[in-house]
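FYI, the numbering for the sequence shown is 1 to 494, going by the UniProt record's numbering.
From the three backbone atoms N, C-alpha and C, an ideal C-beta is built for every residue, glycine too.
Single-structure report; data block below.
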Amino acid sequence: MPFTLGQRWISDTESELGLGTVVAMDARTVTLLFPSTGENRLYARSDSPVTRVMFNPGDTITSHEGWQLHIDEVKEENGLLVYVGTRLDTEETNVTLREVLLDSKLVFSKPQDRLFAGQIDRMDRFALRYRARKFQSEQYRMPYSGLRGQRTNLIPHQLNIAHDVGRRHAPRVLLADEVGLGKTIEAGMILHQQLLSGAAERVLIIVPETLQHQWLVEMLRRFNLRFALFDDERYTEAQHDAYNPFETEQLVICSLDFARRNKQRLEHLCDAEWDLLVVDEAHHLVWSTDAPSREYMAIEQLAERVPGVLLLTATPEQLGMESHFARLRLLDPNRFHDFEQFVEEQKNYRPVADAVAMLLAGNKLSNDELNRLGDLIGEQDIEPLLQAANSDRDDAQAARDELVSMLMDRHGTSRVLFRNTRNGVKGFPKRETAYGKNCRCRPSIRPPLRSPALWARVKARKIAPAICSIRNKFIRSSKAIPAPGGTSTHALSG
1 MPFTLGQRWI SDTESELGLG TVVAMDARTV TLLFPSTGEN RLYARSDSPV TRVMFNPGDT
61 ITSHEGWQLH IDEVKEENGL LVYVGTRLDT EETNVTLREV LLDSKLVFSK PQDRLFAGQI
121 DRMDRFALRY RARKFQSEQY RMPYSGLRGQ RTNLIPHQLN IAHDVGRRHA PRVLLADEVG
181 LGKTIEAGMI LHQQLLSGAA ERVLIIVPET LQHQWLVEML RRFNLRFALF DDERYTEAQH
241 DAYNPFETEQ LVICSLDFAR RNKQRLEHLC DAEWDLLVVD EAHHLVWSTD APSREYMAIE
301 QLAERVPGVL LLTATPEQLG MESHFARLRL LDPNRFHDFE QFVEEQKNYR PVADAVAMLL
361 AGNKLSNDEL NRLGDLIGEQ DIEPLLQAAN SDRDDAQAAR DELVSMLMDR HGTSRVLFRN
421 TRNGVKGFPK RETAYGKNCR CRPSIRPPLR SPALWARVKA RKIAPAICSI RNKFIRSSKA
481 IPAPGGTSTH ALSG
């Protein structure tokens, strides 16, 4: 590229720097000064990402002194441009303005400005950006968008919950899988999907104090989500930087005791405008009609202000029906407002469960069963859907699925509660009984001994054909095999 001292150029990759001026150059490099920011950039002369700024007659330009010039003619002197035209503030004609005296704050941010200024890219660069944008758009439209970036195993029951809940706007659900089925992973998947889709930007996680660092590590290691851990010290330090310390971070983890211990701190939490609230070990929130705990009231205040709420517990009904109702009340206080009514509804769920089981079985339904479904759904014009579900047509399964959805939405906890049990989730390894209580190592049960001589030795010494996998020792059977002295033993025999 032909460079001359004093020429004005603009960076293709950093247009926010404004106009740059050529201040130095040699055979291989050129240095540009950007007066609006006071920064220098060194580029290779052969392939520098800069564009020469050249205006045409009819354009209006601004000098570094602030006055404007309407261009009538453009001249070139020793490689530098000279603009001749009418000064707009004084209406003086034949005024000259050299390009070195142009306003340095000129920025070509709009596409038409870049086009008219001649700041255009090569066709291959445009094609590259176009393909990248196209692939990005296709990725965002994929049904599993947000579920592919985490470092987790692809376990079906976790993916189903994350896919269902993560697509909702401001989800409010109770995740109640049994211990070991991955509630933390499910919550992380939902957070990940909500953040990537833009449905949530600010997330607050409240956990017992002993689980703070576990959540911090899991969110970073599995989902690359960098949460800030707030304790008393961090809260005090952040108060010097902002009126509300929690507004200094987008993703925050704190303990339940930390949240409810100080009234001002709880007010700051409520005023921080979170998009999603996650509460682990939610069964610790004790509630009764007359005397709710301080922890429960703190979470209740937050749940009233935060659009999305995820409650995690492995024991939804272990502490009684009242405790279970209290957690559902946090999620939907309009739906779960009366405990006595909730108990009465729970007694009438058997017909609903039977109806869902009938639909899931896929068998033909009798007239009585069809009438029962119609009564439970209580919708007019439901007859065509019932007939489609009981037919052999291609859309029969879709009709059954729609009926199941209608039953779920009208009865019980609907789509608020998600619970998986080990009986319902397949693929877990079988548990093995410990063998040899006095042996620190884990013995392995071998097939029957093939050597007749060794088998005779085993029978003679009354020891079980189990071999310790580490010490290569025989283990006496635990089933009342007498040892010398008449007492049973589990000792090793060599």
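Between ARG234 and ARG260, the C-beta spacing is not below 8 Å.
Taking all protein chains in view, the Cβ of TYR140 is surrounded by fewer than 16 other Cβ atoms within 10 Å, so the residue is classified as exposed. The beta carbon of PHE336 sits closer than 8 Å to those of PHE325, LEU328, ARG329, PHE342, all from its chain and outside the five residues before and after it, given in chain order. Contact annotation: the region 266-282 touches the region 184-195, with at least three C-beta pairs closer than 8 Å. Taking all protein chains shown into account, GLU99 has 16 or more neighbouring C-beta atoms within 10 Å of its C-beta and is therefore buried. A straight-line Cα-Cα distance of about 30 Å links ARG168 and PRO292. Nearest to LYS75 by C-alpha distance, out of GLN301, ILE61, LEU88, PRO57, is PRO57. Per DSSP, ASN153 lies in no alpha helix (DSSP H) segment and is marked neither H nor E.
Here LEU285 is not near VAL173, since their CB atoms are 8 Å or more apart. Residue ranges of uninterrupted beta strand (DSSP E) with 3 or more members, entirely inside the region 276-337 and ordered along the chain, are 276-279, 308-312. In terms of Cβ geometry, LEU251 and ALA298 do not form a close pair [threshold 8 Å]. Within 10 angstroms of the beta-carbon of GLY85 lie 16 or more other beta-carbons, which makes it buried. Ranked by Cα distance from PHE246, the first of LEU269, THR210, LYS263, ARG122 is LEU269. Excluding its 5 nearest sequence neighbours in each direction, MET25 has C-beta neighbours in its own chain below 6 Å: PHE3, listed in chain order.
Close CB contacts of ARG52 within its chain, under the 6 Å cut and outside five residues either way in sequence, are with TRP9 (chain order). Going by DSSP, SER104 is part of no beta strand (DSSP E) at all; its letter is neither H nor E.
About 7 Å separates the Cβ atoms of LEU403 and LEU385, confirming a contact at the 8 Å cut-off. Taking ASP232 as reference, the option from ARG45, GLU209, ASP89, GLU218 with the minimal CA-CA separation is GLU209. Burial check for ASP280: the Cβ neighbour count within 10 Å reaches 16 or more, so the residue is buried.
In the three-state DSSP reduction, GLU273 falls in the coil class, being neither helix nor strand. Burial is judged here by how many other beta carbons sit within 10 angstroms of a residue's own beta carbon; SER288 has fewer than 16 and is exposed. For GLY308, the closest of GLU65, ALA170, GLU218, ARG202 by C-alpha to C-alpha distance is ALA170.
Less than 8 Å divides the Cβ of HIS157 from the Cβ of VAL425.
In chain order, ARG8, ILE10, VAL53, LEU102, SER104, LEU106 place their CB closer than 7 Å to the CB of LEU19, counting only its own chain and leaving out the 5 sequence neighbours on each side.
Of the other Cβ atoms in all chains shown, 16 or more fall within 10 Å of the Cβ of SER323; this residue is therefore buried. Bridge pairing for THR96: VAL84 [DSSP]. Contact check for ARG41 against GLN150 fails: the beta carbons are separated by 8 Å or more. ILE190 places its beta carbon 8 Å or farther from that of VAL207.
A direct Cα-Cα distance of roughly 9 Å separates HIS163 from GLY146. Taking C-beta atoms under 8 Å as the contact rule, ARG415 and PRO316 fail to qualify, at a distance of about 15 Å.
The Cβ neighbour count for ARG131, taken over all protein chains shown within 10 Å, is under 16; the residue is labelled exposed.
Pairing SER255 with GLN212 gives a Cβ-Cβ distance under 8 Å.
In this structure TYR43 is buried. Its beta-carbon is surrounded by 16 or more other beta-carbon atoms within 10 angstroms. In this structure, the beta-carbon distance from GLU138 to ALA314 does not fall below 8 Å. For VAL416, the three-state secondary structure derived from DSSP is coil. In chain order, SER63, LEU69, TYR83 place their CB closer than 6 Å to the CB of LEU97, counting only its own chain and leaving out the 5 sequence neighbours on each side.
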